[in-house]
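Asks:
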Amino acid sequence: MGVVGFWVVSDGGVGLRARIIAGGFCAVLVAVVVGPLFGPGYLLLRDAVSTPRSYLTESALGLGDSAPRAVPQDALLATVSPLVDGGLVVKAILVLTLWAAGYGAAVLVRELLRAPLPAQLVAATVALWNPYVAERLLQGHWSLLAGYAALPWTALAAYRLRLAASGRGRPEAATMGAWAGLAGCFAAAGLTPTGALLAGVTALVTVHRRHLLGTLVLLVAASAPWLTATALSGAGAEPSDPAGIPAFAARAEPMLGTLGSLAGLGGIWNGEAVPDSRTTPLALLGTVLLLAIVLTGLRAVATAQTAGHESLRIRRALLALAAASVVLPALAATGWGMEAMEWLVVNVPGAGLLRDTQKYVALAVPTYALCAAAGCTALTALLNRTETAAADLAERKRGTPFATDLADAASPRQPAEPSSQPPFAATKPADRGSEQLGDGGRHQRLDGAAKNPAERGSEQPLTSAQEVTDSSRRTHDECADAQSAEASPPTGIADRGDAKATRETATAPTPTARRGTLLTATLFIAFLILPLFDLTWGVGNALRPVHYPPAWHNVAQLVTTPGDIAVLPGGMFRKFPYSGAAPVLDPAPRMLPNDVLQTGELPVRGRTVSGEGTRARDVETLLLQGGSAQDLASLGVEWVLVERTTPGPLGQSKNTLAQLDPVYSDDDLALYRVPGNDPIVAAQNHRWLAITAHLLWAALLIGGPALAVVARRRSRTAIEA
1 MGVVGFWVVS
11 DGGVGLRARI
21 IAGGFCAVLV
31 AVVVGPLFGP
41 GYLLLRDAVS
51 TPRSYLTESA
61 LGLGDSAPRA
71 VPQDALLATV
81 SPLVDGGLVV
91 KAILVLTLWA
101 AGYGAAVLVR
111 ELLRAPLPAQ
121 LVAATVALWN
131 PYVAERLLQG
141 HWSLLAGYAA
151 LPWTALAAYR
161 LRLAASGRGR
171 PEAATMGAWA
181 GLAGCFAAAG
191 LTPTGALLAG
201 VTALVTVHRR
211 HLLGTLVLLV
221 AASAPWLTAT
231 ALSGAGAEPS
241 DPAGIPAFAA
251 RAEPMLGTLG
261 SLAGLGGIWN
271 GEAVPDSRTT
281 PLALLGTVLL
291 LAIVLTGLRA
301 VATAQTAGHE
311 SLRIRRALLA
321 LAAASVVLPA
331 LAATGWGMEA
341 MEWLVVNVPG
351 AGLLRDTQKY
361 VALAVPTYAL
371 CAAAGCTALT
381 ALLNRTETAA
391 ADLAERKRGT
401 PFATDLADAA
411 SPRQPAEPSS
421 QPPFAATKPA
431 DRGSEQLGDG
441 GRHQRLDGAA
451 KNPAERGSEQ
461 PLTSAQEVTD
471 SSRRTHDECA
481 DAQSAEASPP
491 TGIADRGDAK
501 ATRETATAPT
511 PTARRGTLLT
521 ATLFIAFLIL
531 PLFDLTWGVG
541 NALRPVHYPP
551 AWHNVAQLVT
561 TPGDIAVLPG
571 GMFRKFPYSG
581 AAPVLDPAPR
591 MLPNDVLQTG
601 ELPVRGRTVS
611 GEGTRARDVE
621 TLLLQGGSAQ
631 DLASLGVEWV
641 LVERTTPGPL
651 GQSKNTLAQL
661 DPVYSDDDLA
671 LYRVPGNDPI
681 VAAQNHRWLA
691 ITAHLLWAAL
701 LIGGPALAVV
711 ARRRSRTAIE
721 A
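Each step along the sequence shown adds one to the number in the UniProt record's numbering, with nothing skipped, and position 573 is 573.
(1) Quick check on Q652: buried or exposed, where buried means 16 or more other Cβ atoms within 10 Å of its Cβ?
(2) So for A711, helix, strand or coil by DSSP?
(3) Per DSSP, what are the beta-bridge partners of G266 in this structure?
(4) Quick one: what does DSSP say T85 is sitting in, helix, strand or coil?
(5) Pick out whichever of L197, S628, V619 and A372 has its Cα sitting closest to the Cα of T522.
(6) In terms of residue numbering, what span does the beta strand (DSSP E) encompassing residue 722 cover?
(7) Apart from the five residues just before and just after G244, which ones in its own chain have a Cβ nearer than 6 Å to its Cβ?
(8) Quick check on Q466: buried or exposed, where buried means 16 or more other Cβ atoms within 10 Å of its Cβ?
(9) Give a yes or no on whether the C-beta atoms belonging to G271 and R251 are separated by under 8 Å.
(10) Taking the DSSP output, what are the residues bridged to F573?
(11) Can you list, in chain order, the residues of its chain with a C-beta nearer than 6 Å to that of E238? Leave out the 5 residues immediately preceding and following it.
(12) Quick check: what's the CA-CA separation for W153 versus I565?
(13) Taking all protein chains shown into account, decide if R278 is buried (16 or more other Cβ within 10 angstroms of its Cβ) or exposed.
(14) Considering only their Cβ atoms, is the gap separating S634 from Q659 smaller than 8 Å?
(15) Given this structure, state the Cα-to-Cα distance separating A134 from V539, to the nearest angstrom.
(16) Say whether the segment 682-696 touches the segment 574-587, bearing in mind that this needs 3 or more beta-carbon pairs closer than 8 Å, one atom from each stretch.
(17) Can you grab the Cα-Cα spacing for the pair I293 / R299, in whole Å?
(18) With V637 as the anchor, note down where its beta strand (DSSP E) starts and where it stops.
(19) For a test of the three-state rule: what should DSSP assign to T608, helix, strand or coil?
(20) For A48, does the three-state DSSP call read helix, strand or coil?
(21) Would L535 and G570 qualify as a contact pair, given that the criterion is a beta-carbon distance under 8 Å?
(22) Just how far apart, CA to CA, sit L232 and W688?
(23) To the nearest angstrom, how far is it from the Cα of L707 to the Cα of Y664?
(24) Spatial neighbours of R53 within its chain, please: C-beta separation below 7 Å, excluding the five flanking residues on both sides.
(25) Does I21 pass the burial test, meaning 16 or more other C-beta atoms within 10 Å, or should it be called exposed?
(26) Quick check: the Cα distance between E387 and A394, rounded to an integer number of angstroms?
(27) Could you tell me which residues DSSP puts in a beta bridge with A670?
(28) Within 10 angstroms of its Cβ, does L137 collect 16 or more other Cβ (buried), or is it exposed?
(29) Contact check, A203 vs T192 under 8 Å by CB: the rounded distance?
(30) So, helix, strand or coil for L701, using DSSP?
(31) Express the C-alpha separation of D392 and R398 in angstroms, rounding to a whole number.
(32) Kindly give me the distance between the Cβ atoms of F25 and L289, rounded to whole angstroms, as I take these residues to be in contact under 8 Å.
(33) Whose C-alpha, out of A188, M591, A364 and V109, is nearest the C-alpha of A123?
(34) Give the DSSP bridge partners of V596, in chain order.
(35) Pull up the distance between the alpha-carbon of P520 and that of T377, whole angstroms please.
(36) Note down the Cα distance separating V107 from T367, rounded to an integer number of angstroms.
So, in structure tokens, the structure goes:
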């Protein structure tokens, strides 16, 4: 399936065992989260609507009266669902995107920090097990999570593009592969407009200045479906209702305030779409633990040069982006912030896309993953040094010569003092040739080249005291072959001297260091999971599949002539007996082969936020007031569907229905045909332009990853030659 093609990103020479462990760990977490969806049925929860079959209507292409918020998502499902059940497609996309979010975080910390395997698992947990994921799942934003999952991969693509551009030898293949990978990231994130913005912002703050133009071109190409739909229909270019700003502002959670909620990756506007644990003091506990874990690695992420200067630049850019993604939504929730946002959506076309500001907290997650991994490694190194010092002191008190004493007798050289420098700490410019790594005290050259033989020959050998101290500081990657290759970027061309130096100086971790690393990682993972325990099993079984009654299929088969469909009761949300207690979006627009008119009005926090179109509102008003069939036909309505098992306003619609031709009726649905209708036919040139834009997006989605794989093979061949 092309939607997830970009996830297949080269990991260079990293050991197979390490990749399997990291990928398997992410798969287990995903299974625990979405377990109920593995059963038969369809996802129908708030904004999430999956159906057995959907159709390539004007609305699916973004050409309807409403803003194209679900483009190209709806067109993709309409294209694939005739071949594969649409409910299965949605489940597969959701599972794969969640897995990619976790595994992408693991790869990100491995490449930008040279983090060992246990620290990679901590990073994966941060990306997969947090309030943002829980709340967006409960809100039904499954396609937004594709953009969320693309963020670590986008940062990696920007990093590899920097490395490829600075490489020596034959970097052409690597550069092509990096651009192709970035295109695939944009296309996968661009399943929704918000996802495209998330990936675009991440790329624009991390790529080199000389790559900004190319990045913008790719972003526009990946966003072509919704940009084209907005230009053709004009719906998304209309001013948005300013009432949506306070309605969708970030929400303060118990004992946290708005800023604390956002910093803890929570604070969604809908107080009903949150796990139960986030309404208790566990929200405070979980936020404190998450931020404490992040803070333990903050300095290392901001200063360490263990992976070179390009890595440091990427990490610092991500740190700034994370700070902005937390602070700006918090400011937007203040009184003057909401006034500024209201002015923006009224005066700037398309600015309504920014009204749900909490969505953009996702931009902080790659940084949180980096800091958590760095903190795990740094704390392990600190514990190892403390244990070594305690053992040394105990031996001295017992009067037993310790290794340092033996070293003093054996060598005229004084033993080196244990470094007080924290793991991953930056070195002075004069010391950049060799510095401590955060994985326990290994040393490597950081100037891009290994020492020449003359330099190595002039060095004095380490004393045994230094060897013991270094050995005690080492943490591990859990896999020797992964450790020996983790300095080699997947493009295969950059910082080869660094990779060689790392392989020459890396040694096997001690059992004590191994136990310390595993213990620290286990504690971090437990601290992340336990306060949000109800993310398990479909966020407290809320993500359970539903089964539609046969009436939906029967009605879809009877809609055989063109013309729009009006729906009763009024409104866009439904509560069916089979859909659970939470309101759900009406599935009719995705169930039926013709365009279904929807007002776009959203009931939020006791107020109604108006939609963009006017024709659907006119049709609904006419039905509720019991207008004539002739007036209904003049508005281009061919069919009227009555959904009988959901509450909602019906008004005087029975007067209008009495004038229509009944076509189908059972306990669930009733279908009527409007006599004398003259259907409104959309301009075919608009439709073909929209389809062309979708084909461009699909080409990036499929071609980007394919080209990246080809480029990777060519790069490897050039290196081996």
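Glycine included, each C-beta is placed from N, C-alpha and C at the ideal position.
Replies: Walking through what the data contain:
(1) exposed
(2) helix
(3) Looking at the DSSP assignment, G266 forms no beta bridge with any residue, so it has no partner.
(4) The displayed chain sequence assigns Asp, not Thr, to residue 85. If DSSP states are grouped into helix, strand and coil, D85 belongs with coil.
(5) A372
(6) The first residue shown for the chain is 1 and the last is 721, placing residue 722 beyond what the model contains.
(7) R355 and V609
(8) Annotation note: pLDDT 39 at Q466 (below 50); position unreliable, coordinate value reported separately. With 16 or more other Cβ atoms within 10 Å, it is buried.
(9) yes
(10) L585
(11) E612
(12) 41 Å
(13) buried
(14) no
(15) 7 Å
(16) no
(17) 12 Å
(18) V637 to E643
(19) strand
(20) strand
(21) no
(22) 11 Å
(23) 51 Å
(24) S81, P82 and G86
(25) buried
(26) 11 Å
(27) V642 and S665
(28) buried
(29) At roughly 17 Å, the Cβ-Cβ gap does not stay under 8 Å, so A203 and T192 are not in contact.
(30) helix
(31) 10 Å
(32) With 8 Å as the limit, F25 and L289 do not qualify as a contact, their Cβ atoms being about 20 Å apart.
(33) V109
(34) I565
(35) Note that residue 520 is Thr in the sequence shown, not Pro. In a straight line, the C-alpha of T520 is about 8 Å away from that of T377.
(36) 13 Å
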